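What follows is one structure encoded as structure tokens, with my remarks underneath.
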Amino acid sequence: MDSSAIADRRQLRRKLGFWRVIAVLLLVALGFALFRFVAGDLLRGPQIARVEVSGLILDDKELLERLKRIQDNDQVKALIVSISSTGGTTYGGERIFKAIRAVAAKKPVVSDIRTVAASAGYMIATAGDDIVAGDTSITGSIGVIFQYPQAKDLLDKLGVSLEDIKSAPLKAEPSPFHPASEEAKSMIRNMVMDSYAWFVDLVADRRKLPREDVLKLADGSIFTGRQALQNKLIDTIGGEDEIRAYLATRKVKKDLPIVDWKAEDKTSFFSWSGAASRLLNLFGYDDFMKGEDLQKFMTEKLFLDGLLSVWQGAAN
């Protein structure tokens with residue numbers, strides 16, 4: 015065997031060794047990921063779980079799955095839902111509300127209103143067996159809104175028009191390309207008011223208030239924590255001490271640790287998007303798609319639709 019053949023064989027062995035190392039590392043990473051998903055929750059001792067609901071409220075599948083794990087975990091003796099949100103989609107709030115009530119069927123739940131829990135944020139707060147807020151927390155804004163853009167005047171200035179042929183007058187209404195007809199406005203208004211009635215009934219049921227009293231509060235008004243207490247929209251002014259005091263009345267030990275059940279870190283090496291982005295970097299394709307871009311592509315929603323229950327006093 016000549017020297018060139020020997021050199022080629024050594025180079026081939028080095029390449030095979032490199033890929034063997036990569037394969038072992040990937041197997042270890044997948045093993046850690048599997049351990050986190052399957053065994054992580056089971057190794058935690060008796061505790062009070064805490065989840066955070068913040069930002070724009072959407073139909074959050076990951077949060078729903080996390081709440082289901084808390085519901086089924088016997089080591090979790092109670093749940094604190096910490097809320098800092100101006101609201102979001104009515105449907106997103108509805109699903110999270112129902113998931114929290116499913117947890118409450120097995121263990122005590124306290125809603126902890128932080129800076130703001132308005133609109134769909136307050137909807138979620140009502141799922142708790144007890145609602146705690148700060149003196150100056152912002153809450154309320156009970157109501158529903160449907161918004162759509164109107165671009166007709168701009169298109170007219172540009173000399174652009176859009177023609178359509180529809181199966182019925184209310185198909186694809188309201189449209190941003192022409193003013194809504196009275197029939198279209200009536201259709202949307204009926205849908206908004208039906209969701210609004212559902213929201214009002216939910217608050218009346220959860221807060222044990224006459225529907226007439228809730229209607230007086232459900233004009234979109236927001237309240238401080240102190241005002242909300244006076245109107246019986248919350249139960250207590252305070253923080254962790256008051257939360258623990260309530261849980262003690264439900265036979266939850268005061269010395270149990272509070273454990274934050276956070277969403278999976280999408281940038282972690284052991285997460286799918288994190289591992290994929292690092293592989294792109296390893297093979298020199300990081301200019302093709304950055305890790306953070308891959309994360310957004312794989313994990314975030316692109317569109318927000320449906321009825322909204324959101325307080326617009328702050329930008330999201």
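The numbering used here applies: residue 15 is where the sequence shown begins, and numbers increase by one.
Ideal placement from N, C-alpha and C gives every residue a C-beta, glycine not left out.
Owing to the predicted nature of the structure, the values given are computational and were not obtained by experimental measurement.
Report buried or exposed for residue i, applying the criterion of at least 16 other Cβ atoms within 10 angstroms of its Cβ.
{"i": "G101", "result": "buried"}
{"i": "K265", "result": "exposed"}
{"i": "S175", "result": "exposed"}
{"i": "K112", "result": "exposed"}
Who are the Cβ neighbours of residue i in its own chain at under 7 angstroms, not counting the five residues just before and after it?
{"i": "A198", "result": "L184, E187 and P188"}
{"i": "Y162", "result": "P188 and P190"}
{"i": "I234", "result": "As written in the sequence, residue 234 is Gly, which differs from the Ile given in the question. Counting only Cβ-Cβ distances below 7 angstroms, and skipping sequence neighbours, we find S155 and G157."}
{"i": "Y210", "result": "G157 and V158"}
{"i": "K268", "result": "R258 and A262"}
Name the two residues that bound the continuous beta strand (DSSP E) containing residue i.
{"i": "K91", "result": "V90 to T103"}
{"i": "T153", "result": "I152 to G154"}
{"i": "I272", "result": "I272 to D274"}
{"i": "T129", "result": "V123 to A132"}
{"i": "L243", "result": "Unbroken run through L243 is the alpha helix (DSSP H), G239 to Q244; no beta strand (DSSP E)."}
{"i": "L322", "result": "L322 to V324"}
Mind checking which residues open and close the alpha helix (DSSP H) that includes residue i?
{"i": "V217", "result": "E196 to R221"}
{"i": "A165", "result": "From DSSP, A165 is part of no alpha helix (DSSP H); its letter is neither H nor E."}
{"i": "G69", "result": "No alpha helix (DSSP H) contains G69, which is instead part of the beta strand (DSSP E) from Q61 to I71."}
{"i": "V228", "result": "R225 to L231"}
Excluding sequence positions up to five away, which residues of its chain have a Cβ less than 8 angstroms from the Cβ of residue i?
{"i": "E108", "result": "M137"}
{"i": "Q25", "result": "none"}
Check this for me: beta carbons of residue i and residue j, under 8 angstroms apart or not?
{"i": "I145", "j": "I159", "result": "no"}
{"i": "A139", "j": "A118", "result": "no"}
{"i": "V124", "j": "I257", "result": "yes"}
{"i": "S375", "j": "V324", "result": "Here the chain covers residues 15 to 330 and nothing more, so residue 375 does not appear."}
{"i": "I97", "j": "W275", "result": "no"}
{"i": "V214", "j": "R203", "result": "no"}
{"i": "T103", "j": "L322", "result": "yes"}
{"i": "I110", "j": "I62", "result": "no"}
{"i": "Q89", "j": "P60", "result": "yes"}
Closer than 6 angstroms by C-beta to residue i: which residues in its own chain qualify, once you throw out the five before and the five after it? Chain order, please.
{"i": "S151", "result": "I127 and G239"}
{"i": "A277", "result": "E76"}
{"i": "I248", "result": "I145, A147 and A242"}
Distance check for residue j and residue i, CA to CA, integer angstroms please.
{"i": "I251", "j": "G148", "result": "5 angstroms"}
{"i": "S195", "j": "D219", "result": "36 angstroms"}
{"i": "M205", "j": "Y105", "result": "13 angstroms"}
{"i": "E79", "j": "A259", "result": "28 angstroms"}
{"i": "F237", "j": "G135", "result": "13 angstroms"}
{"i": "P193", "j": "D167", "result": "10 angstroms"}
{"i": "G253", "j": "D227", "result": "27 angstroms"}
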